[in-house]
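For the sequence shown, the working numbering assigns the number 169 to the initial residue and increments by one for each residue that follows.
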Amino acid sequence: MRIEISGLTKTYRGGVAALDGLDLVVPTGMFGLLGANGAGKTTLMRILAGLVRPTSGRVTVSGHDMGTGAGRTAVQHALGYLPQDLGVYPDLTARQFLDYVALLKGMDDRAARRRRVGELLEVVALTGDADRRLRGFSGGMRQRVGIAQALLADPRLLIVDEPTAGLDPEERIRFRTLLSQFAGRRTVLLSTHIVDDIAQTCREVAVLARGRLIFRGTVDELTHRARGRVWSIVTD
Ligand code: ATP
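Listed below in structure tokens is the structure:
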């Protein structure tokens with residue numbers, strides 16, 4: 169799904185311009201969104217998920233205009249979202265939690281739900297831990313549960329917000345592999361402030377700083393040619 173963003177601005181109450189006239193096209197495949205804390209990544213993702221309304225500007229996803237109710241609904245049906253702070257119920261097992269989210273998503277058929285949850289537990293390599301309570305899960309395991317819940321409805325667009333924060337190196341690699349396997353012909357927008365997450369998974373990347381686009385190109389261009397220039401802006 170191709171995302172087209174033009175002149176996107178979000179000013180929160182209190183006057184902070186989290187996004188400031190952003191123009192960006194995100195093609196199908198895995199695309200990285202890089203930026204320091206406060207750059208506007210989460211705001212952009214929340215707008216794409218239909219959770220926050222922009223102050224001005226336009227977003228279309230596969231031609232659906234998110235400024236209209238019908239457009240937002242169409243995009244939300246195609247969307248999987250892993251927020252930065254996915255709340256899980258620590259007393260539920262992984263299987264119970266996924267079953268509960270599936271029910272909330274309108275998967276009413278119990279047998280179909282059970283089958284889908286079983287498939288996804290397999291995909292995220294948690295079949296052996298499926299009946300353990302989430303309170304005992306590591307950060308990486310919780311993120312895999314998070315990906316499984318985002319994939320429940322087989323989305324064509326997956327948005328993941330800083331998924332590797334707090335993971336150890338092994339968990340991080342595992343998580344990247346999982347995302348890359350899923351990407352294929354779908355669109356995955358991966359937000360992070362860890363360059364390596366993007367370098368290992370994405371071909372193209374956009375860099376935000378204070379709500380503006382300061383770089384868009386291939387990972388290769390970012391790491392070889394533009395690094396010094398982009399870095400001085402991201403870290404100043
Ligand atoms: P982080 O990596 O820290 O999550 P980010 O790149 O995702 O940062 P945002 O969370 O989009 O950035 O925040 C961009 C700016 O908007 C920041 O200055 C932030 O303080 C501000 N902001 C975000 N949400 C709100 C809100 N609900 N009300 C007021 N200001 C907000």
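Beta carbons: idealized from backbone N, C-alpha and C, even for Gly.
C-alpha distance - residue i paired with residue j, whole-angstrom precision
i      : j      : result
His361 : Leu381 : 15 Å
Ser306 : Asp364 : 22 Å
Phe331 : Met169 : Reading the sequence as shown, one finds Pro at residue 331 and not Phe. Rounded to whole angstroms, Pro331 to Met169 spans 21 Å at the Cα level.
Ser348 : Leu357 : 11 Å
Phe350 : Gly189 : 31 Å
Leu192 : Arg353 : 20 Å
Val194 : Leu325 : 11 Å
Thr236 : Glu338 : 42 Å
Arg282 : Asp299 : 13 Å
His392 : Met213 : 27 Å
Asp297 : Leu266 : 13 Å
Ile215 : Leu260 : 30 Å
Asp388 : Arg278 : 47 Å
Ala270 : Thr386 : 36 Å
Pro258 : Arg310 : 10 Å
Asn205 : Ser359 : 11 Å
Met275 : Arg312 : 21 Å
Ala207 : Gly379 : 5 Å
Leu219 : Arg340 : 27 Å
Leu254 : Arg284 : 20 Å
Ala280 : Glu287 : 11 Å
For residue i, the three-state DSSP class (helix, strand or coil)
i      : result
Asp284 : Note that residue 284 is Arg in the sequence shown, not Asp. Looking at Arg284 - three-state DSSP - the assignment turns out to be helix.
Val220 : coil
Leu326 : strand
Leu262 : The question names Leu, but residue 262 in the sequence shown is Ala. In the structure shown, Ala262 sits in a helix (DSSP, three-state: H, G or I).
Asp276 : coil
Arg380 : strand
Val184 : coil
Ala367 : helix
Ile173 : strand
Thr196 : coil
Ala374 : strand
Thr386 : strand
Proximity below 8 Å, CB of residue i to CB of residue j
i      : j      : result
Gly239 : Pro323 : no
Gln252 : Thr210 : yes
Ile122 : Val229 : Residue 122 cannot be examined here, being either before or after the span of the chain that is shown, 169 to 404.
Leu336 : Leu250 : According to the sequence as given, residue 336 is Asp; it is not Leu. Against a cut-off of 8 Å, the Cβ pair of Leu250 and Asp336 comes out as no contact.
Lys273 : Ala321 : yes
Leu302 : Ala262 : yes
Thr196 : Thr355 : yes
Short CB-CB distance (under 8 Å) between residue i and chain B
i      : result
Val184 : Absence of chain B from the displayed structure is noted, only one protein chain being present.
I want to know whether the segment 196 to 206 touches the segment 360 to 378 - three or more CB-CB distances under 8 Å. Of all C-beta pairs linking the segment 196 to 206 to the segment 360 to 378, three or more are shorter than 8 Å, placing the two stretches in contact.
In the segment 224 to 255, which residue ranges form an unbroken beta strand (DSSP E) of at least 3 residues, counting only runs that do not cross its ends? Counting only unbroken stretches of 3 or more residues, the beta strand (DSSP E) elements lying wholly within the segment 224 to 255 are 224 to 229, 247 to 250, in sequence order.
Any contact of the segment 283 to 293 with the segment 303 to 317, i.e. 3+ C-beta pairs under 8 Å? Cβ pair count under 8 Å is three or more, so yes.
For the segment 172 to 188 against the segment 207 to 225, are there 3 or more C-beta pairs whose distance is under 8 Å? In this structure the segment 172 to 188 touches the segment 207 to 225; the number of beta carbon pairs closer than 8 Å is three or more.
Contact the segment 336 to 350 vs the segment 181 to 191: 3+ CB pairs below 8 Å: No, the segment 336 to 350 is not in contact with the segment 181 to 191.
Give, in chain order, every unbroken run of the beta strand (DSSP E) that is at least 3 residues long and sits entirely within the segment 286 to 350. Within the segment 286 to 350, the runs of beta strand (DSSP E) at least 3 residues long that lie entirely inside it are, in chain order, 325 to 329.
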